[in-house]
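Here's the structure, in structure tokens; my notes come after.
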Amino acid sequence: MQETRISLDRTDIALLAALQKNGQATAQELSATLNLSPSQAGRRRQRLEEAGVIAGYRARLDPGKLGLAVQAFVQVQLARHGAEQSRDFARLLRTRAEIVSAWTMTGEADYLLRVYCEDLPGLNRLIHEVLLAHPLVSRVHSQIVMDQPKPDAPLPVG
């Protein structure tokens, strides 16, 4: 499914870069960065929101301060494939707060999951009591994150 690419000028690109650094930037702050009036900056932001280029805003939380000491990537291979199986497994993904993102993949694994758990026993429970216990899952391979030398970065715009 290819999405329609939105045409962006230099000011749009600068606006998106600024918002990726600070999603709470006011129109006044953006106007100084973009060399526009606050109303022009606000209208540009609104246009990009309405076009779906800006999909939303959220706070970035520190997992450690929330007691989520273990981050892992979990590859899941399904035993059977089809539309019904995909919907069934997607339903499971939506019900588990520990699974913060999921991708369908090419290659050996069908899904790649990013998970956060309080501790190793929590990760073990998620893998053995939830994922491997699911009738569609045939194999799970997990990798525990030791460190993240590059944090999640803004998208390369422009």
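When you line the sequence shown up against this note's numbering, it's residues 49 to 206, in that order.
Glycine included, C-beta positions come from ideal geometry on N, C-alpha and C.
Same chain, Cβ closer than 7 Å to residue i, neighbours up to 5 away in sequence not counted
i	result
L140	H182
E156	Q125
P86	A75, Q76, S79
H152	Looking at the sequence provided, one finds Thr at residue 152 rather than His. Answer for T152: D158, Y159, listed in chain order.
C165	L116, V118, E146, L171, L174
Separation of residue j from residue i, as counted between CA atoms
i	j	result
L67	K198	19 Å
A80	D195	36 Å
A117	P111	7 Å
L44	A75	As shown, the chain starts at 49 and ends at 206. That puts residue 44 outside it, with no answer to give.
L114	R108	12 Å
R173	R135	23 Å
N70	I54	22 Å
R92	L84	10 Å
L176	T143	As written in the sequence, residue 176 is His, which differs from the Leu given in the question. The straight-line gap from Cα to Cα measures roughly 16 Å.
F137	Q94	36 Å
A73	D200	19 Å
H129	S186	11 Å
Cβ neighbours of residue i in the same chain (closer than 8 Å, five flanking residues each side left out)
i	result
V205	L56, I61, L64, A65, Q68
R106	G71
A145	none
Contact with chain D by residue i, beta-carbon distance below 7 Å
i	result
Q196	Given the protein chain composition of this structure (a single chain), no chain D is represented.
Pair within 7 Å by beta-carbon distance, residue i and residue j
i	j	result
L168	A150	no
A127	L180	no
D158	Q133	no
Contact set for residue i: own chain, Cβ-Cβ below 6 Å, skip 5 residues either direction
i	result
I147	L141, L161, V163
H189	Q123
I102	L96
G104	none
Three-way DSSP call (helix, strand, coil) for residue i in this model
i	result
T143	helix
H215	Because the chain is modelled from 49 through 206, residue 215 falls outside the range shown and cannot be assessed.
A89	helix
V205	coil
Q34	The requested residue 34 does not occur in the structure, where the chain is confined to residues 49 to 206.
R162	strand
S149	strand
A120	strand
Candidates the options, of which the one nearest residue i by Cα
i	options	result
E51	V193, S87, R58, A99	A99
Q191	A89, Q88, Y105, F121	F121
A89	T59, Q72, R106	T59
Q119	H129, M153, L171	L171
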